[in-house]
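Read top to bottom, the protein sequences are chains A and B. In short: position in the first sequence from 1, add 1304, done, that's our numbering. In short: position in the second sequence from 1, add 8, done, that's our numbering. Virtual Cβ for every residue (Gly too), placed ideally from N, Cα, C.
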Amino acid sequence: MEISIHNLKKYYGEKLVLDIEELKIKRGRITGLIGPNGSGKSTLLNIISGLDREFLGTVKYDGKLLDKDSYKKMTLVFQKPYLFRRKVYENIEYPLKVRGVNRDERRERVKNIMERLEIEGLKDKKGHLLSGGESQKVSLARALVFNPELLLLDEPTSNIDPESVKVMEREILRFNEETNGTVIIVTHNMEQSERLCHDIIHLER
Amino acid sequence: MDYIQEGFKEALKLLIGFDKEVYGIISLSLIVSTTATIIASFLCIPLGIHLGLKEFKGKRAFSRILYTFMSIPSVIVGLVVAILLSRRGPFGKFDLLYTPKAMIIAQTLLVTPLILGLTYSLSKNRGKEIERIGQTLGGNKLDIIILIIKELKLDLMVNIVTAFSRAISEVGAVMIVGGNIRNRTRVITTTISMMNSMGDYPMAIALGIVLLIISFGINSLIYSYSGDD
């Protein structure tokens, strides 16, 4: 999935918080969004993901304007993950359920992604009772389980333990290599962006 | 003081002896209030969630009006329903006044703003985050409403119990539209009120005890459920 942005402007009240004249994010690449706080990185992710639809300009996916179908092909992992008050298994299963995937396939896919993220032991635990690192890994598993075309990550590894960071980075890279999925990641960590990203976009305040 | 002691003794006799009239009153109370609460919940929970999430013009004014209606006096609801259902009223032809159906209608109208208001407030404060997650995971509008109901089920249950408590403990609306007719529309609260004015305490005390037991039972159920969660 390729994203092209043209004359994008976002205001909060009178304040202009994002102003992008022209930007292309290439298919199958991992793109890092870096910049100081308040430069509009998270706002851009919210716009691309369809959470924020009040903006000026155009955002296109593969040449087409944003629509319901394009939103279904992408997902966003937040800095502070919100897991449902149900079992981890059911949390990860959710995006497959809303897409009408049958039970056997759901079970298979959830099992695979849990193994990859090394969270099989959490299967029956309640999502909202997990630690920060565990929650973020479950959150990534929930995002990857339906093989999105576009994976948006908003500082997914801030405030979590180094071991969990390692596992998550490995799975982000694997996702990109195996599925040719596009990834946009907001990060403040320059070393991480070097490890993960093919392209870097620097947003100014 | 003797008459109070006697009252309690008689009350226990009525309860232990499964007095037909007392249990008839208790079951009618439960049927009317439970039905009203279920109807209002089915209508108001999805609507309250939808309105809480939606941004629309006049939302602030809507909130104020809704919150005002949450504490509407039950006699006002009773009066309005009685006017509407009276023979000369627009729904007089259905001959519903002084029937349990009229009592259900009145109590449904009484608890509707309460459930709607509590759900609306819950959705406005906590629903948005769940909605965001639901959207990013590919849920459509219906999926998201179901997701929010499941996520907030405990709070919603507390809201429903609050509404049921209001329904079963109110006296004004059911008195006006039901008429407190023996063996037909007599419920716990109207009976207690009537017995008190007649100075006949045993049945009033017996029904008072039952009302307390019902409240205690429902609250215990909610607490044990929340403990499991």
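query: Helix, strand or coil: which one does DSSP assign to A/G1336?; result: strand
query: Note down, in chain order, every chain B residue with its Cβ under 7 Å from the Cβ of A/K1429.; result: None at all; the shortest Cβ gap to chain B is about 13 Å.
query: Buried or exposed, going by whether 16 or more other CB atoms sit within 10 Å of the CB of B/S232?; result: exposed
query: Determine, using beta carbons only, whether B/I168 comes closer than 9 Å to chain A.; result: no
query: Around the C-beta of A/F1479, are 16 or more other C-beta atoms found within 10 angstroms, so that it is buried, or is it exposed?; result: buried
query: Using a cut-off of 9 Å between C-beta atoms, extract the partners of B/Q13 located in chain A.; result: Correct list: empty, because the minimum Cβ distance to chain A is about 50 Å.
query: Output the distance between the C-alpha atoms of B/L160 and B/D208, rounded to the nearest integer angstrom.; result: 45 Å
query: What separation, rounded to the nearest whole angstrom, lies between the Cα atoms of A/S1439 and A/K1430?; result: 10 Å
query: Return the CA-CA distance between A/N1406 and A/P1460, expressed in angstroms with no decimal places.; result: 29 Å
query: What's the gap between the Cα of A/L1322 and the Cα of A/L1360?; result: 10 Å
query: Going by beta carbon distance, what residues of the same chain come within less than 7 Å of B/T116, once the five residues before and after it are set aside?; result: A44, I47, A48
query: Cβ of B/I141 less than 9 Å from any chain A Cβ?; result: yes
query: Given this structure, state the Cα-to-Cα distance separating A/E1495 from B/I123, to the nearest angstrom.; result: 52 Å
query: Quick one: which residues of the stretch 1376-1390 of chain A get their C-beta closer than 7 Å to a C-beta of chain B? List them in chain order.; result: K1376, T1379, L1380, Y1386, F1388, R1389
query: Kindly list the residues whose CB is nearer than 6 Å to the CB of B/E14, restricted to its own chain and excluding five residues on each side of it in sequence; keep chain order.; result: none
query: Which two residues bound the contiguous alpha helix (DSSP H) that contains A/D1323?; result: No alpha helix (DSSP H) holds A/D1323; the beta strand (DSSP E) holding it covers 1319-1329.
query: Cα separation between B/A181 and B/M211?; result: 21 Å
query: Can you list the residues of chain B that A/L1355 reaches, using a CB-CB cut of under 8 Å?; result: R140, Q143, T144
query: Give the secondary structure of B/K62 by DSSP, where H, G and I count as helix, E and B as strand, and everything else as coil.; result: coil
query: In the structure shown, what three-state DSSP assignment does A/N1395 receive?; result: helix
query: Compare the beta carbon distance of A/G1485 and A/M1305 with 9 Å and say whether it is the shorter of the two.; result: yes
query: Nearest-angstrom Cα distance between B/G142 and B/S41?; result: 34 Å
query: Which residues, taken in chain order from the stretch 1396-1420 of chain A, show a beta carbon closer than 7 Å to some beta carbon of chain B?; result: Y1398, P1399, V1402, R1403
query: Pick from B/T144, B/G100, B/G66, B/K62: whose alpha carbon is nearest that of A/L1355?; result: B/T144
query: Find the nearest neighbour of B/I80 within the set B/S131, B/E178, B/L104, judged by alpha-carbon distance.; result: B/E178
query: Can you tell me which of the three DSSP states B/V40 falls into?; result: helix
query: For a test of the three-state rule: what should DSSP assign to A/S1497, helix, strand or coil?; result: helix
query: Of all the residues that make up the stretch 51-66 of chain B, which are near chain A by a beta-carbon distance shorter than 9 Å?; result: none
query: Work out the CA separation of B/L61 and A/R1333 for me, nearest whole Å.; result: 35 Å
query: Could you check if A/K1313 is buried or exposed, using at least 16 other CB atoms within 10 Å of its CB as the buried criterion?; result: exposed
query: Would A/Y1375 pass as a contact of A/S1353 if the rule is Cβ separation under 9 Å?; result: yes
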